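Each residue of the sequence shown is one higher than the one before, counting from 28 in the working numbering. Remarks on the structure that follows.
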Amino acid sequence: MTTTPIVAAVDGSRESILAVEWAAREARLRGAPLRIVSATEMLPRMSPPPHAVDFETVADAVRKNRDQQLAAATEVAAAMAPGLPIETVPLDGPPALVVADSATGALMLVTGSRGADAFSAMALGSVSRYAALNASCPVVVVREETMATHRQIVVGIRRPDDCADALGFAFEEAALRNAALLAVHAWQSPRAAYPAHPEARSHAAQTQAAEELQKLLEAWQQKYPSVSTRQDVMHGHPGRVLAGLSARADLVVIGRHAHRMVPGPARIVHTVLSHAHGPVATVPSA
Numbered sequence: 028m029t030t031t032p033i034v035a036a037v038d039g040s041r042e043s044i045l046a047v048e049w050a051a052r053e054a055r056l057r058g059a060p061l062r063i064v065s066a067t068e069m070l071p072r073m074s075p076p077p078h079a080v081d082f083e084t085v086a087d088a089v090r091k092n093r094d095q096q097l098a099a100a101t102e103v104a105a106a107m108a109p110g111l112p113i114e115t116v117p118l119d120g121p122p123a124l125v126v127a128d129s130a131t132g133a134l135m136l137v138t139g140s141r142g143a144d145a146f147s148a149m150a151l152g153s154v155s156r157y158a159a160l161n162a163s164c165p166v167v168v169v170r171e172e173t174m175a176t177h178r179q180i181v182v183g184i185r186r187p188d189d190c191a192d193a194l195g196f197a198f199e200e201a202a203l204r205n206a207a208l209l210a211v212h213a214w215q216s217p218r219a220a221y222p223a224h225p226e227a228r229s230h231a232a233q234t235q236a237a238e239e240l241q242k243l244l245e246a247w248q249q250k251y252p253s254v255s256t257r258q259d260v261m262h263g264h265p266g267r268v269l270a271g272l273s274a275r276a277d278l279v280v281i282g283r284h285a286h287r288m289v290p291g292p293a294r295i296v297h298t299v300l301s302h303a304h305g306p307v308a309t310v311p312s313a
């Protein structure tokens, strides 16, 4: 049992309720409390004039809606995981920023893949994308296709020497779920750079990557001996490869560098988030 919470963000959309359900199951697996947050951003004209206390303002209605969303999400989480410690935290401010900041120090932040159309909570889709690239803790973006159980965790490995946090997160998830782990390294190189022998170069790169990945997995299996692992090294667009594999995975895990995502890795994350068939976790590295 840990006192460090899992944080779930809600905005009243069906996608955010699915995120709460996923977060509640995850909290139960980890023996962690659940914190549910919802954010509102008030424009200056929505704030009441000084000493206006006798009537309900737009801001009052927006906050009331937010509180109702938190109450409804709490009922869903309690039904999903009876006895789970749950707290709710209303947030004020730009949703993407305050939701990401609310999970500082948390085990993870869980969001839906798309947000509600209502102005009151803004679009959680933009919140999830911002958090997935910038939050200081792992972020899980939950999609609607979450009910099937595949007993497989997929983790994308971009560089074997810079994947410890993502791989550790993936192994822990596999152990918690009694699932197998598939480590995938995919790359895409311009064929024009190797016009004479592109096939030979690809084969040599694939062999080297497979050897490095095998050594890496053997080291991690000493810590997680119960997790069955296998690897796949291939030539292809990493984002599309991982998005395709998500159709038969309980979770796809991708590493990232918080606050300094360079264009290449950021595009991979965006591709997976946009096209995945199930939940995706982005895990920050130190």
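Where a beta carbon is used, it is the ideal one built from N, C-alpha and C, also for glycine. Here the structure is a predicted model, which means the values were calculated and not measured.
Item: Helix or strand or just coil, what does DSSP make of Arg-178?; Value: coil
Item: Report the residue from Pro-60, Trp-49, Gln-96 and Leu-208 whose alpha carbon sits nearest the alpha carbon of Leu-244.; Value: Leu-208
Item: With three or more C-beta pairs closer than 8 Å as the rule, is the segment 165-184 touching the segment 258-272?; Value: yes
Item: Which of the three DSSP states is assigned to Met-28 in this structure?; Value: coil
Item: Hey, Asn-161 and Ala-127 are a contact pair by Cβ (cut 8 Å); roughly how many whole angstroms apart?; Value: 6 Å
Item: Locate the beta strand (DSSP E) running through Glu-171, then write down its first and last residues.; Value: Here Glu-171 belongs to no beta strand (DSSP E), and DSSP marks it neither H nor E.
Item: In chain order, which alpha helix (DSSP H) runs of at least 4 residues are fully inside the segment 223-278?; Value: 225-248 and 265-272
Item: What would DSSP say about Ile-44, mapped onto helix, strand or coil?; Value: helix
Item: Ordered along the chain, which non-local residues of its own chain (more than five positions away) have a Cβ less than 8 Å from that of Gln-248?; Value: Val-254 and Thr-256
Item: Restricting to Cα atoms, I'd like to know which of Val-125, Gln-233, Gln-235 and Leu-194 is closest to Ala-35.; Value: Val-125
Item: Restricting to Cα atoms, I'd like to know which of Glu-200, Ala-231 and Phe-198 is closest to Trp-214.; Value: Ala-231
Item: Return the Cβ separation of Val-307 and Asp-192 in integer angstroms, given the expectation that the two are a contact with Cβ distance under 8 Å.; Value: Contact flag wrong, Cβ pair sits at about 15 Å.
Item: Hey, how far is the Cα of Glu-48 from the Cα of Tyr-157?; Value: 21 Å
Item: Determine the extent of the beta strand (DSSP E) in which Ala-66 is found, giving its start and end residues.; Value: 61-67
Item: Should Ala-100 be labelled buried (16 or more other beta-carbon atoms within 10 Å of its own) or exposed?; Value: buried
Item: What are the partner residues of Asp-119, as DSSP defines its beta bridges?; Value: Thr-67
Item: What residue range does the alpha helix (DSSP H) around Ala-104 cover?; Value: 85-107
Item: Could you give the first and the last residue of the continuous beta strand (DSSP E) run that contains Leu-209?; Value: 207-214
Item: Give the single residue among Thr-67, Ala-201 and Arg-204 whose Cα lies nearest to the Cα of Leu-118.; Value: Thr-67
Item: Quick one, are the C-beta atoms of His-212 and Arg-275 less than 7 Å apart?; Value: no
Item: Buried or exposed: where does Pro-252 fall if 16 or more other Cβ atoms within 10 Å of its Cβ makes it buried?; Value: exposed
Item: State the Cα-Cα distance for the pair Ser-153 and Ala-106, rounded to the nearest angstrom.; Value: 28 Å
Item: How far does the alpha helix (DSSP H) with Ala-202 in it extend, from its first residue to its last?; Value: 191-204
Item: Of the choices His-304, Thr-29, Arg-93 and Ser-273, whose alpha-carbon is the least far from that of Met-135?; Value: Thr-29
Item: From Ile-33 to Ala-313, what does the alpha carbon distance come to, in whole angstroms?; Value: 20 Å
Item: Please report the straight-line C-alpha distance between Arg-57 and Leu-203, rounded to a whole angstrom.; Value: 8 Å
Item: The beta strand (DSSP E) with Gly-139 in it runs from where to where?; Value: 135-139
Item: Between which two residues does the beta strand (DSSP E) harbouring Ser-312 extend?; Value: 307-312
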